[in-house]
Every structure is written in C-alpha cells, then in structure tokens.
Amino acid sequence: MASTPGPEDGRELYALLHLSPDSSDEEIRRAYRQYAQIYHPDKYQDPQMKEVATENFQRIRDAYEILSDENKRQIYDIYGMEGLNSGLELGPKLTKPEEIREQLERLRRRKEEEKLLVHARPNGSIIANFSVPQYLDGDGIMKGMGMSSEVELPVSKQNTVIFGGNLVVNGSAGTGAASTVLRHQLSSVSHIDFMATAGLRSVIGMRTFRQISPHSTATSGLAVSLRDGSINLSNAWTRQLSENAVGNIQLVLGDESSISVGWQKKDEKRTATGEIKFGTNFFGASAYYIHRFSSKSHARVAGRVGSTALDFEIGGGRRISEFSTVRMMYNIGIQGVSWRFELHRAGQKLIIPVLLSTDLNALFVTSAFAIPSTLYFLLQTYVVKPYYLKRERQKTLEKMEGLSTQLTEARKAAKKAQKLLEPVSNRKKNRQLENNGLVITKALYGNRRKIKESSELNEINDDVASQVFDVTIPLNFLVTEAGQLKLHEGIKKSGIMGFYDPCPGDPKLLLVEYTFHGRKYKVMVDDYEALLIPQDIHQF
99 MASTPGPEDG
109 RELYALLHLS
119 PDSSDEEIRR
129 AYRQYAQIYH
139 PDKYQDPQMK
149 EVATENFQRI
159 RDAYEILSDE
169 NKRQIYDIYG
179 MEGLNSGLEL
189 GPKLTKPEEI
199 REQLERLRRR
209 KEEEKLLVHA
219 RPNGSIIANF
229 SVPQYLDGDG
239 IMKGMGMSSE
249 VELPVSKQNT
259 VIFGGNLVVN
269 GSAGTGAAST
279 VLRHQLSSVS
289 HIDFMATAGL
299 RSVIGMRTFR
309 QISPHSTATS
319 GLAVSLRDGS
329 INLSNAWTRQ
339 LSENAVGNIQ
349 LVLGDESSIS
359 VGWQKKDEKR
369 TATGEIKFGT
379 NFFGASAYYI
389 HRFSSKSHAR
399 VAGRVGSTAL
409 DFEIGGGRRI
419 SEFSTVRMMY
429 NIGIQGVSWR
439 FELHRAGQKL
449 IIPVLLSTDL
459 NALFVTSAFA
469 IPSTLYFLLQ
479 TYVVKPYYLK
489 RERQKTLEKM
499 EGLSTQLTEA
509 RKAAKKAQKL
519 LEPVSNRKKN
529 RQLENNGLVI
539 TKALYGNRRK
549 IKESSELNEI
559 NDDVASQVFD
569 VTIPLNFLVT
579 EAGQLKLHEG
589 IKKSGIMGFY
599 DPCPGDPKLL
609 LVEYTFHGRK
619 YKVMVDDYEA
629 LLIPQDIHQF
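Its first residue numbered 99, the sequence shown is counted upward by one per residue in this note's numbering.
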C-alpha cells in the first residue's frame, strides 16, 4: 500500500530527480549529473529544443540546490516548499529537526502577529425608520434613525480591543453611547473581557467565557452602573444537544432580573430557533424558521408574543454577490403592518423598516403581502433566476476551459521533456533487448478506472486518452544497467520527469507491461505505491 504523502504533495523534488527521501548525498549528485547531461541547454542548437531544455534544466538545478544543502533539505523534508519560502533557510545554521521546527514556528508566529496588527475587523449597521401614516398626517416620512459601529482590533495573539458606539434619534430626541472591550485569551478554551460604556447608561464590568467540556460552554458577567451603583450579574450556559442542535439557559440578576431558555437546530437546509424569557415585570416568547432553497436564496418565518409584543413576520432573502445579501420581510402586529428591507454586505447592514398602516384592515393587510410577493416571484422567475443560471454556466465553462488549458500545457511540457529523454531511453532499451533484459513495452499513468479499462483494450479510445498519459519513454530511461526499475514509496508519480497529472483530484494508477528474459509481465500500482520490477508475480 502507498504511504502517506509527504510535504509538497508527494515530495516533488525527489520525484523529479528519481530519488528516495533516504538518498545519500552521492546518490543526489549522481541523479543530478544524469539529468543534467540530458537537459543542459548547450547540447541543443534548435531554438525550440533549447528552450525546453533550459526550462527543465532549471527545474533540475533548483531541486539539486535544495536537496544537496543539508539545512534546506531538512526544512523541505519537514515542511516542504512552505518552509523554504518562509525565509527559514536565511536564518542561522540549524542541524537538528527540533531546531528547525522551533525556528519555523517562531517565524510563523511573527508573521501571524504582523497580520493581526494590520487586520481590523469592522462591522456596523444603519437603521432608517419610515412611516407612511406619519407622512399622510403632514409630518415628515422619516420616523427615526439609528446607527452602530464596532471595530475589533487584535493587538497581539492573546489580546483584542473592541471599540464600539451607537446613536439613536427618534423625532427630536436622541441618545448615544460609546464602549470599549479588552479581551484577553487566557487559554485555548477560555477568555476574559473587561468592558466600559459611556453614555446615557454608563457601565463598567467584566465577563468570562470558558469551554467546560467538548459540548458545553459557560459565561459569567458582572456589570456596575456608574449612575446609581446598581449591580447586574449574569450567567449563561450552552450545551450541544446533538450534532445539529444547541440549547442555552441565561440567568440575569439585578434591576431587570430575568431567566431565558433557548434552543437552535441548524443543518444544511434549515434553521429553527426558539426562546422563552421571563422577567420580574415581563414575559415573552419568540421563534423563527429559515429554509434555504439553495446556497443563494432562503425564506424566513418568525413570530413574537409577550407582554410588550405580538407580531408575525414572513419573507426571504437572496445572496446577490459573494459578500452581499438582500432581504425583504413583511410584518403584521399590534403596531400595524410594515415592510422591512435589508442589505447585508460583509459585516455591514442597512435596514429600512417602513410602517405602512397602523390599522389592521383585512384588505390592506392581504394586499400589502400579496402584491410584493407576486412581484418578487415574477422577478425571480423571469429575470433573476435566468440571469444567475446564465452567469453560473459561464463561470463553470470558464473554469473548465481554464483547467483544460492548464492540462493541455502540462501535457505538452511532459511530451517535450520526453522528447529530450527519448534518445537515451531508446539506447537503454536497445541495450536491454540485446541482453534479453528488462524492456518496458507499455506504460500508462492516469485515472484509476480508465487505466483498468485500457488494460483490457488493444487501442486507447479518445475518452480514455484524455485521462491517461503514455510514460513508456521515461520508464525505459529509468531502467538501470542491471535491468531493474524502482519507483520509491511515498513519491507522487506525476512529479517524475516526463510525467504529468492528467486528472487532478482523481485516484490514479500506473500500468506497466514489460518483458524480461523473453517472458511477458504486467503490474498496476497506486500513485504513491512503490514499484520494483522485474518480479515473477507480475508474469501473465
């Protein structure tokens, strides 16, 4: 069986020089000299051949420079090209794998901290309340406005500062507040927040969070009002009830004591949430359900009932770009009939509630729901959906064309590499024929299923040919003077000179048919599996 692939997707540099990861310095030098004799640009006069030789010679030289340097080779063996590109090879001479790991981890942490210092995560919202009844009464249509903003700024790997503020205006009255939170990561499962808020309700406090088990978390908080000295205590517990369901309980003690119990279930297609809350002078219950028709569109139904609210809401939304979603909701309740429009982009929200009427007239209520719903479905069916289907088809086509182009170029490059190998490969093959030794008569590399199909056919049809590649020439080149061929375990075969990957992402096989001492043999091995021929068990 194949071993687990190493760094760089199967140790490509070792495959390129046809080496084992355990190869000695002398074996590395010998492999480099062998390929350098084939691909040195000075050997070719034809401009096209010289260009092919130059490109492949550079690949061989780069691989040799890394594998022949003890420090670079150790880094490559542990972390692949990522470790070399990190700048680790520019540091002090390191001789032990432990020292290399420590130095690379230090460099990674430094880069992470640099990213943290320049990466702030802002989010915010703007709410603009409109009222049609107010406008009809002769007042302005704008009922009120609110905005809030928050910026999360990591200052180190353990510390984050969060700055926030909000402003609310209703008619001629308004209020606002500003807040700061310092979050310190105590461990991988716990953190503590220190909070301060200034405004109409000036508060200082702290909150701790801890994951108490793989399925449970707990949060505790203390807040002190600077206005009257009142104290509020809060505790919350969250528990994973099943793979898709979460339950939570929250207890608040203070001026506005309350207890709430909530539940949420979420899977690929739907989300359902419910909560019941009781306080010293109020009670309430709320629930909502979201059904996702696709990755881009969803419907939402919600309801609230309690001492201060009674309403029902229905609507839906659609993702219009990678970072943007629009929603439209219809709401009916004790305050009247309203629409709500929302635009979500990254961490920003624009919310526009429009109060249509304070009277619950049956005809108006029905019309306010039916008219926009009909317009939405007509627009969705005849405009939006055809547009997005067309765009998705275009993207899929462009992606397939891009992949096809890459595979075509890789196939051409592999064939050009084989062309330079062919003279030496043919000489080795003729020498083996003279000695009745090992001769590769057929070798195919590619899609596992197609390879198995091709092994039963004398000719390869177009469907099979697009997903397999003839590698007879490079394998004959790799046959030793003693009449043996060895491919090392754990080395992805597409990295061998003269090979390429004709079906990225698919399981692959190598089929080899060969003759030895006048007998015919055949063997198939997985992509990372070792191969040693000739062997009697391959005879057929």
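Cβ atoms here follow ideal geometry from the backbone N, Cα and C, with glycine treated the same way.
These figures come from a predicted structure and were not determined experimentally.
Asked	Found
contact_flag[the segment 451-471, the segment 429-436] where n(CB pairs < 8 Å) is 3 or more	yes
Member of Gln582, Asp568, Gly581 and Thr613 whose CA lies at the smallest distance from the CA of Lys591	Asp568
Whole-angstrom C-beta distance between Phe575 and Val610, which should lie under 8 Å	So it is not a contact: roughly 14 Å between Cβ atoms.
Residue ranges of each beta strand (DSSP E) within the segment 440-501, 3 or longer	446-455
Helix, strand or coil at Asn534 [DSSP, three-state]	coil
Nearest-angstrom Cα separation, counted from Arg443 out to Phe307	29 Å
Distance between Leu114 and Thr503 (C-alpha atoms, nearest Å)	23 Å
Inter-stretch contact (C-beta, 8 Å, three-pair minimum) for the segment 599-613 and the segment 127-142	no
Whole-angstrom distance between Arg525 and Leu536, CA atom to CA atom	13 Å
Cβ contact check for the segment 115-122 and the segment 487-496: 3 or more pairs under 8 Å	no
Counted within 10 angstroms of its Cβ, other Cβ atoms place Met498 as buried (16 or more) or exposed	exposed
Span separating the alpha-carbon of Ile302 from that of Thr278	10 Å
Span of the beta strand (DSSP E) around Ser552	That residue, Ser552, is in no beta strand (DSSP E); its alpha helix (DSSP H) goes Arg546 to Ser552.
Three-state secondary structure (DSSP) of Thr503	helix
DSSP-derived helix/strand/coil call for Lys148	helix
Exposure of Arg299, with buried meaning 16 or more beta-carbon neighbours within 10 Å	exposed
Assigned exposure category for Ile469 - 16 Cβ within 10 Å defines buried	exposed
Cutoff 6 Å; reference Asp291; Cβ partners in own chain excluding five residues on either side	Val279, Arg281 and Arg305
Nearest candidate by alpha-carbon position, reference Arg325, set His389, Gly236, Lys514 and Ala296	Ala296
Asp365 (DSSP reduced to helix, strand or coil)	coil
Assigned secondary structure, Glu153 (DSSP; H/G/I helix, E/B strand, else coil)	helix
Phe391 to Gly596 span [Cα, whole Å]	47 Å
Gln516 beta carbon less than 8 Å from that of Pro572	yes
Buried versus exposed, by CB contacts within 10 Å (16 or more), Asp237	exposed
Segment limits, alpha helix (DSSP H) that includes Glu124	Asp123 to Tyr137
Pro190 (DSSP reduced to helix, strand or coil)	Confidence is the limiting factor: at Pro190 the pLDDT is only 47, short of 50, which leaves the residue's position unreliable, though a coordinate-based value still follows. Coil.
Chain-order list of residues whose beta-carbon lies under 8 Å from that of Leu519 (same chain, five-residue window excluded)	Ile136, Ile571, Pro572, Phe575, Met595 and Gly596
Cβ-based neighbour list, Pro190, same chain, cut-off 7 Å, excluding 5 preceding and 5 following	Residue confidence is low: Pro190 scores 47 on pLDDT, short of 50, so the model does not pin down where it sits. No coordinate-derived value is stated.
Top-ranked residue by Cα proximity to Gly414, from Tyr428, Leu408 and Asp140	Tyr428
Whole-angstrom distance between Thr464 and Leu473, CA atom to CA atom	14 Å
Span of the beta strand (DSSP E), counted from its first residue to its last, around Asn268	Asn257 to Asn268
Helix, strand or coil at His313 [DSSP, three-state]	coil
Distance between Leu476 and Ile417 (C-alpha atoms, nearest Å)	Correcting the residue identity first, residue 417 is Arg in this sequence and not Ile. Looking at the two C-alpha atoms, the distance is approximately 18 Å.
Between the CA atoms of Asp625 and Arg547 - distance to the nearest angstrom	13 Å
Residue range of the beta strand (DSSP E) that includes Pro252	Met240 to Pro252
Reference Phe421; option with closest CA among Ala397, Gln348 and Gln446	Gln446
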